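Visitor:
In our numbering, the protein residues as written are -18 to 244.
#1: Return the CA-CA distance between residue 151 and residue 13, expressed in angstroms with no decimal places.
#2: Would a C-beta distance cut-off of 7 Å place residue 77 and residue 33 closer than the cut-off?
#3: Which residues in the same chain have their Cβ closer than 6 Å to the Cβ of residue 91, if we skip the five residues on either side of it in sequence?
#4: Label residue 225 either buried or exposed according to how many other C-beta atoms from any shown protein chain fall within 10 Å of its C-beta, with 16 as the threshold for buried.
#5: Judging by CA-CA distance, which residue of 63, 175, 97 is the nearest neighbour of residue 133?
#6: Mind checking residue 231: buried by the 16 CB within 10 Å criterion, or exposed?
#7: Following a CB-centred definition, is residue 240 positioned closer than 6 Å to any heavy atom of the ligand COA?
#8: Using only CA atoms, which one of 30, 69, 142, 131 lies nearest to residue 161?
#9: What whole-angstrom Cβ distance do residue 114 and residue 159 have, given they're in contact under 8 Å?
#10: Nearest CA to the CA of residue 41: which residue from 129, 11, 29?
#11: Quick check: the Cα distance between residue 67 and residue 217, rounded to an integer number of angstroms?
#12: Could you tell me which residues DSSP puts in a beta bridge with residue 206?
#13: Given that a residue counts as buried once 16 or more other Cβ atoms are within 10 Å of its Cβ, and exposed if not, what is residue 208?
#14: For the segment 155 to 217, which segments carrying the alpha helix (DSSP H) assignment without a break, of at least 4 residues, lie completely within its bounds, in sequence order?
#15: Within a Cβ cutoff of 6 Å, which residues of the same chain sit near residue 46, ignoring the five residues on either side of it in sequence?
#16: Let me know the secondary structure DSSP gives residue 113 once reduced to three states.
#17: By how many angstroms is the C-alpha of residue 186 removed from the C-alpha of residue 27?
#18: Using a Cβ-Cβ cut-off of 7 Å, state whether residue 108 counts as contacting chain D.
#19: I believe residue 101 touches residue 37 by the beta-carbon criterion, under 8 Å. Please report the beta-carbon distance rounded to the nearest angstrom.
#20: Residue 50 to residue 58, Cα distance in whole Å?
In structure tokens form, the structure reads like this:
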């Protein structure tokens, strides 16, 4: 596990600080660029550094369960609630949201642009056997994709369906190279540098709502976690300071995250 964390850990450029905590986050949060806006400001305000471990939601929660991180920021509500129920986190706190989109070739061979719902769009992709790249990594985005296939009544399989077992950036790269469809969060897509020949082919279904939540690892289960630092980060993430930074963050001129933390 130590080698895995060493390979995955990402420390943002920081000032000299006396205290550092570790947080597991999704690849979509990192790929969006928001981490590089929020966490240096948190450090300026508190003197606390945050080392990110960037993985899919499933792996992030497993790291939290093992006590290898102090907090988790992910986007798969059923898994988060089960994590809290099992006693691995003290609670779940919603912070912000964005949305999922279906990215695909500009020529839209499956005609998903005329779809009434996201499930309809997925059904059209399957019926036409147009190439589809899946994260296939037990991430929040992968789980959202599987829920859409289920809503469409489709069991995705065959040569047209390409799981990559990788993060959002790698999945977008693969889809672009293949001219395939892929489910992405909006922020990661807009921040993606290689969009040639690809576009947003479907968006706007309420089922593609994407909520991010913060879960502090339970110190009763793992006494070595830095619960005090995790609590300070949570207080900051739900503050007016964080609201301003989150709501003002833009990618290609577009707001991509929306603060919705409760007191």
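Ideal placement from N, C-alpha and C gives every residue a C-beta, glycine not left out.
None of the values given here were measured: they were computed from a predicted structure.
Guide: Looking at the atomic coordinates:
#1: 13 Å
#2: No; because the gap between Cβ atoms is not below 7 Å, this pair is not in contact.
#3: Here the set comprises 105, 106, 109, 111.
#4: exposed
#5: The residue with the shortest Cα to Cα distance from residue 133 is 97.
#6: It is exposed - the Cβ of residue 231 has fewer than 16 other Cβ atoms within 10 Å.
#7: Among the ligands in the structure shown, none appear at all, so the ligand COA cannot be discussed.
#8: 142
#9: 7 Å
#10: Selection 129, 11, 29 evaluated against residue 41 yields 11 as nearest (Cα-Cα).
#11: 26 Å
#12: Partner(s): none; residue 206 has no beta bridge.
#13: buried
#14: 167 to 171
#15: 69
#16: It is a strand residue.
#17: 39 Å
#18: Any reference to chain D falls outside this structure, which holds one protein chain only.
#19: The beta carbons of residue 101 and residue 37 sit about 27 Å from each other, so the pair does not count as a contact at 8 Å.
#20: 19 Å
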